[in-house]
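This report concerns only the one structure given below.
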Amino acid sequence: MSELTKLTISKALKALKEKEFSCLELAKAHIEQMEKYKKLNAYITETCDIALSQAKIADQNYSKNQERKLEGIPVAVKDLFCTKGVLTTSGSKMLSNFVPTYESTVSENIKNQGTIMLGKTNMDEFAMGSSNLSSYFGHVINPWKASDSSENLVPGGSSGGSSAAVSGFLAMAALGSDTGGSVRQPASYTGIVGMKPTYGRCSRWGMIAFASSLDQAGILTRNVEDAALMLESMMGFDAKDSTSLDVPVPNLMPACSKSIKGMRIGVPYDLMKLDGIDGDIIKMWQDTIDAMKAEGAEIIDITLENAKYSLPTYYVIAPAEASSNLARYDGIRYGLRPEGSEININELYELTRSNGFGDEVKRRIMIGTYVLSASFIDAYYLKAQRMRRLIYNDFNQAFTKVDVILIPTAPTSAFAMDDKQDDPVTMYLNDIFTIPASLAGLPCISVPAALSTNMLPLGMQVIGQALDEYNTLRVGAAIERLFSHVNFIPRGF
Amino acid sequence: MITKDEVNKIAKLAKFNFDEKEISHFQTQLVNIMSMIDVLTQIDCSKIEPLTSVCNMNQRMREDVVTESDIRQELFANTSGENAKLAKEINCFIVPKVVE
Amino acid sequence: MSYIVGRTGNWEYVIGLEVHAQISSKSKLFSGSSTEFASAPNSNVSLIDAAMPGTLPILNEYCVHQAIKTGLALQAIINTYSVFDRKNYFYPDLPQGYQISQFYHPIVQNGHIDIMLEDGTIKTIRINRLHLEQDAGKSIHDQSVKYSFIDLNRSGIALMEIVTEPDLRSPFEASEYVKKLRSILRYIGSCDGDMEKGSMRCDANVSIRRSSNDPLGIRCEIKNVNSIRNIIRAIEFEAARQVRLLENGEKVRQETRLFDANNGETRTMRLKEESEDYRYFPDPDLLPVKIEQSLIDEIAKNLPELPDAKINKYITELGLSRYDAEVIVADESIAIYFEQAIKDSNPKIIANWITGELFSLLNKHSITISESKILPLMLGKMVKLIEDEVISGKIAKTVFDKMFETGMDPDNIIQEYSLVQVSDIGLLTSIIDEIIVENQQSREDYKNGKEKLFGFFVGQVMKKTEGKANPALINKLLKERL
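These protein sequences, in sequence, are chains A, B and C. Heads up, the first sequence is in this note's numbering, so the first residue is 572 and it goes up one at a time. Heads up, the second sequence is in this note's numbering, so the first residue is 22 and it goes up one at a time. Heads up, the third sequence is in this note's numbering, so the first residue is 28 and it goes up one at a time.
Below, the structure written as structure tokens:
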């Protein structure tokens, strides 16, 4: 039974079509795995009943030869996608009782292709974080452990639950969201594939907002081809979202088997000299470069001059937008409404918000409020937007010379849970490689490419031009092939 | 250097209720984070246009037709607290009396 | 010039007005909910209007067009690039915790409206900007002692905020500005201007100073002024209050005040510890609004004739007095009526009948001009009959009253009631001669100087002709025959 959970989506679809097993069996296998690994705390809400009834319908569709593109595939959904009739918390106490009466477009899209929802995954509160340590519903444990320690490790964040679920075979794919790296970084930490398409490719309707100009739905899978398959169903124009791009959804599967011979791969060598990057990461980077050269790709040195300002730029813009997006959480129409808050209107606001939000969220709202305040808006917010344009221009400039850009996903491997990163700034440095592509709205993928000295997965990141998911996946798949000899299954799974 | 007073002002704007300890805690953290951000103030990009969106397009507009209907049941499905029941009955959101 | 006479001398009013005009669209500015007045609270509220998590705004094209149209009618500049900004603050009738408005790049700038002052001169009131923004919901405070109830039906309806420079110098000027603005909005159809219903609301910024050589004083914003009359009352009270303060050596505190229509006073609104910092920034859920010049040109081409242009046309081309022109143009339905009625007859006479007899009857019966039975062409015919001397002005009054009552055509009325004026000289002469014969003594008296008796003879002719004799002819013939 447990072999069923190890299948890729493509293989599973083929097997289901050929009636090697049923959708019900596939769903049950996953539910069993979820039960076995409950301690990972990957799920906030398990929807086993829904999954089983969906599986039954899927089986009917196969028997009528009316199967849809993703019929019967068990998936997990990050808990910031509103799912109709199912608790949606965004990892927060504030929404711990919120049951939406509507569905997000992206989760609707994959549901319409026949996926089966196993549950809503754990995440950093309101998607703010890169460790899943800030969830109201507890930490998520990384299925991976270092070879030289028995400490529990973080799965990364904010899509920590989604990543742990896919990495630990508790789902075949999981919807995540990526604002500053929240799909790519946990993919790197958990040894799986994580991809964020071009900003505007996936609708944000029904996605609980963190930073509107950066948020984008992403996918976590165990191989690149599965990611391509899922994205084909997730992406698409939605008239309900003003920032949704009205462009056709490309055929992405074919990209996964194309050779990278003759492609121009950009490497910002100067970023290799940044502080705080593990030696293992540098080695992986170098090894990847060499392997690609051997495949016939051309490696070109590029400079992303303003990349070093990405972190401060992001940490002005994202909190600013978040401080405004989270102003609606006041307990009046939905969400937490603590006892004793009905004294007066100001008490209601203050008690609800002080009580309902965790530390990291409060911190970011404070920063956001500060940088938008009258005295500072020019110095910080407008300045950050100008810097954002410079970073955006850097990429455009680079893409006149190269097809994709190759950098690591994270500066380190997954760190220990008890490694209390008390200093928020240290925590923010986890995002240093993922933020630039977020600011520029570019498609990017993280693919496991090496194991660290103490046997933890490390991910390589490929960044493509706007709307070029095709070549992004193409190079990602190549990296996957180049390192297919490495075992990216966590020990014991 | 962000003063305790400024931290208090920001907290009030964001509708947070912090005690002395929390104010201190956030003050330290804000100072820390702002010093990371402050590098931005040293760069001159006055000649650069701010980038508000990576979407290279203009705001789409919709036709002036009524597409939504009465969804009062849905609207009040998630009200909670001691007045939730009353809110559902009268189909109004309830708050403590606001004095203008 | 209007002054407040204080204890220590005169003070000048300095007034700026902010008008919020609800756009006449069918659906809201950023959602597809209906804008129709609904008696049931929260029945026109969508997920977006209630700020449910994950919901997003989409811009209503009609609202943008109305803003452009209004900008053109206000002789303003239409910005081909404008942006929606978030105005962040907390209030229970503002579900998002921010209002989507326009701060840095409004859609319209630098317009003006001309008003006529009491002495007949024209004054230009400059308009700083017109921008689009969401209306807020309604808070109901009087249904419970402990609680306020929130109705979001109004939340998200499109508003045009129209802001003047502080150019107004008296409560009268303020009222004239609002009347003129309302008239323009109704003419172009972008807003119905109904202040009672709340589709047009006015906030007044009031300050005072000794003279125009002095800098502007501290101003107070007065909210909740819902009629022209109350605008005048509120400004008068507030200015007087400020004069008293300054003359007592105190300072005017910059604040927002509410107007209380019951006692005509303004009072401090909820105490704010410090002034709000709205932290305006471009809404990241929306993109910049780019407008093509061709769209602006198209809208300009289809703009109806505006009130001022119409007034001028009536004066210069039709010979109306400014007073009559202003009165008729003030209400578009009356102007339309007038323009139809004057097809074949004298505009000045038509104008007199409308502003005189017709208005009087409409008021008496509390109906509008469109509800009256007298159709424009009927009035026109009637006036033509007067001009052609078929009936006298006096008879016309009877005809008019009958038309109002029955809706009958004037020709038919004249036939039915035999009201045709008698202008047959031969007939009149013989009647006059008859009367002279019957009243020899009076004739003698008249010839001997009792001029007043002329009226008696006129009366007799009228009696014999049942009031139908042509008055001008009576005069002429009597003078000859007596």
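Ideal Cβ positions, reconstructed from N, Cα and C, are used throughout, including at glycine.
Inspect the beta-carbon positions of residue i and residue j and report whether they are closer than 8 Å.
i: Q129(C); j: H158(C); result: yes
i: L61(B); j: M998(A); result: no
i: V677(A); j: A788(A); result: yes
i: Q448(C); j: I422(C); result: yes
i: E188(C); j: E353(C); result: no
i: V975(A); j: G837(A); result: yes
i: L802(A); j: P768(A); result: yes
i: L330(C); j: A499(C); result: no
i: D965(A); j: L842(A); result: no
i: M688(A); j: T618(A); result: yes
i: L741(A); j: Q604(A); result: yes
i: I916(A); j: P198(C); result: no
i: V1057(A); j: L1022(A); result: yes
i: A77(C); j: L186(C); result: no
i: A1011(A); j: I962(A); result: yes
i: R934(A); j: F39(B); result: no
i: V279(C); j: W38(C); result: no
Give the residues of chain B in contact with residue i, contact being defined as C-beta atoms less than 7 Å apart.
i: V996(A); result: N53, I54 and M57
Drop a sphere of 10 angstroms on the beta-carbon of residue i, count the other beta-carbons inside from all chains shown, and report buried for 16 or more, exposed for fewer.
i: R284(C); result: buried
i: K844(A); result: exposed
i: P1098(A); result: Residue 1098(A) is absent from the model: chain A starts at 572 and stops at 1064.
i: A1066(A); result: Lying outside 572 to 1064, the shown extent of chain A, residue 1066(A) is not represented and no answer is given.
i: T49(B); result: exposed
i: K173(C); result: exposed
i: S239(C); result: exposed
i: G685(A); result: buried
Counting only C-beta atoms, is residue i closer than 8 Å to chain A at any point?
i: V125(B); result: Limits of chain B in this structure are 22 at one end and 121 at the other, which puts residue 125(B) out of reach.
i: R306(C); result: yes
i: E300(C); result: Because the pLDDT of E300(C) is 45, which lies under 50, any placement of that residue in the model is unreliable, and the question is left without a value.
i: N99(B); result: yes
i: A163(C); result: no
i: N112(B); result: no
Under 8 Å between C-beta atoms, does residue i make it to chain B?
i: R1045(A); result: no
i: K114(C); result: no
i: A945(A); result: no
i: S581(A); result: no
i: I105(C); result: no
i: G59(C); result: yes
i: G685(A); result: no
i: G1012(A); result: yes
i: F176(C); result: yes
i: Y886(A); result: yes
Less than 8 Å between CB atoms is the rule here; does residue i satisfy it with respect to chain C?
i: D91(B); result: yes
i: I615(A); result: no
i: V28(B); result: no
i: I1034(A); result: no
Anything in chain B within Cβ reach of residue i, meaning under 8 Å, just list it in chain order.
i: K421(C); result: Per Cβ cutoff of 8 Å: no residues; K421(C) is ~54 Å from chain B at best.
So which residues on chain A does residue i lean against when the C-beta distance must stay under 9 Å?
i: L314(C); result: S813 and T814
What does residue i reach in chain C if we use C-beta pairs closer than 8 Å?
i: T940(A); result: R306
Which chain A residues sit within Cβ distance under 7 Å of residue i?
i: L74(C); result: Y673
Practice problem: Quick one: which residues of the segment 761 to 793 of chain A get their C-beta closer than 7 Å to a C-beta of chain C? List them in chain order. | Solution: Taking 7 Å as the Cβ-Cβ cut-off against chain C, the residues of the segment 761 to 793 of chain A that qualify are R775, W776, G777, M778, I779, A780, S783 and S784.
Self-check item: Near-chain C residues of the segment 801 to 833 of chain A (beta-carbon distance less than 8 Å), N- to C-terminal order
Solution: Using a CB distance below 8 Å, the part of the segment 801 to 833 of chain A facing chain C consists of A810, K811, D812, S813 and T814, ordered along the chain.
Practice problem: Scan the segment 889 to 906 of chain A for residues whose Cβ lies nearer than 9 Å to a Cβ of chain C and list them as they occur along the chain. | Solution: Within the segment 889 to 906 of chain A, contact with chain C at the beta-carbon level (separation under 9 Å) is assigned to A891, E892, S894, S895, N896, L897, A898, R899, Y900, D901, I903, R904, Y905 and G906.
Self-check item: Proximal residues, the segment 179 to 212 of chain C versus chain A, C-beta separation under 8 Å
Solution: For the segment 179 to 212 of chain C, which is checked against every Cβ of chain A, not one residue is closer than 8 Å.
Quiz prompt | Members of the segment 666 to 683 of chain A near chain B, C-beta cut-off 7 Å | solution = Going along the segment 666 to 683 of chain A in chain order, one finds N668, F669, V670 and T672 with a Cβ nearer than 7 Å to chain B.
Quiz prompt | Residues from the segment 82 to 102 of chain C in contact with chain B, defined by Cβ distance under 8 Å | solution = When C-beta distances to chain B are compared with 8 Å, the residues of the segment 82 to 102 of chain C below that value are I85, L86, N87, E88, Y89, C90 and V91, in chain order.
Exercise. With 8 Å as the limit, tell me which residues of the segment 945 to 962 of chain A have their beta carbon closer than that to any beta carbon of chain B; keep them in chain order.
Key: Answer in chain order: A950, Y951, L953, K954, A955, Q956, R957, M958, R959, R960 and L961.
Practice problem: Mind checking the segment 119 to 152 of chain C against chain A and listing, in chain order, the residues whose C-beta falls within less than 8 Å of any C-beta there? | Solution: Contact residues of the segment 119 to 152 of chain C toward chain A are P119, P122, Q123, G124 and Y125 (C-beta to C-beta distance below 8 Å).
Quiz item: At a Cβ cut of 8 Å, what residues of the segment 31 to 53 of chain B count as close to chain A, listed as they run along the chain?
Solution: Taking 8 Å as the Cβ-Cβ cut-off against chain A, the residues of the segment 31 to 53 of chain B that qualify are I31, A32, L34, A35, K36, F37, N38, F39, F47, Q50, L51 and N53.
Quiz item: What are the residues of the segment 916 to 939 of chain A that lie near chain B, defined by any Cβ-Cβ distance shorter than 7 Å?
Solution: Cβ contacts with chain B come from I916, L919, Y920, E921, L922, R924, S925, K933, R934, I936, M937 and I938.
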